[in-house]
Structure formats: structure tokens, C-alpha cells
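Only one structure is covered here, and it is reproduced in the block below.
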Amino acid sequence: INEMILADIPVKGKKTKALVHFDRNGFGYTLDRESGALLVAEKFDPVVNWATKVDMKTGRPQVVAKYSTAQNGPDVNTKGVCPAALGTKDQQPASFDPNTGLFYVPTNHV
């Protein structure tokens, strides 16, 4: 469902052989495909509110407490969380155009 895109792209000013993944959770992850190092982890949809960012040392999202099942309990129907269960990105594939250097990512706003 959520493909891994291989692209040679600049990361921090250096051409990098990257693996890019746009996840249902609304974050895009860029890894060095030679070393496996996490290079970038940022929201690709600005309305995502369940987490503020990804801790680059641990790779774990910094969860917003009011949307957390750890705080609210697993059986609580939390309203207003984005993305919904469908995810920010679902089955529709994303792509990369090496001529423009742009990623094209279909998103869901439910």
C-alpha cells in the first residue's frame, strides 16, 4: 500500500541515494538507502495533528497527548484526530519525477 520510492536526491546539500516513504500517518521518511540512516522525517500534510514531529535520534513520533490512546485509553473514540483511520495516504501510489525533482503524493482529507 505504501511503496518505497528510490530516488537520487539532494539531502542537506549532498546528492544522496535515498529511499523515500510517505506513510499513512502523515509523515514522510527519507533514508539513505546505502546505510539505512534516517535522514529526514517530516509531515507531508500540514493538517496532521496526532504528532508534532519525529525524534531523529529514536525515530519515534512525538505524540500529542490529547490524541494518544496511552492517555485516553484504547476504547475511547477520540474526535478531531488527523489523519483518520483511512490514513493521510492510502493505496494510491506516490511517484517521483527526476526531471523536476518533485514527489507527487495523493492524500486523503477525511
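Numbering-wise (my numbering), the sequence shown opens with residue 58 and increments by one. All residues carry an ideal CB built from backbone N, CA and C; glycine is no exception.
With the rule of 3 Cβ pairs closer than 8 Å, the region 125-141 does not count as touching the region 62-73. Measuring C-alpha to C-alpha distances from Asn156 to each of Asp65, Met61, Thr115 identifies Asp65 as the nearest.
Pro67 is bridged by DSSP to Lys72.
With fewer than 16 other CB atoms across the displayed protein chains lying within 10 angstroms of its CB, Ala141 is exposed.
According to DSSP, Phe160 shares a beta bridge with Phe153. Inclusion of Thr126 and Gln119 in the CB contact set at 9 Å is not warranted, their separation being larger than that value. Its chain contains Ala141, Leu143 as the residues whose beta carbon lies nearer than 6 Å to that of Val167, once the 5 sequence neighbours on both sides are disregarded; these appear in chain order.
In this structure, DSSP gives Thr126 a helical state, which the three-state scheme calls helix. Straight-line measurement puts the Cα of Thr145 at about 21 Å from the Cα of Pro131. Counting along the chain, Ala98 sits inside the beta strand (DSSP E) bounded by residues 95-100. Beta-bridge partners assigned by DSSP to His166: none are found.
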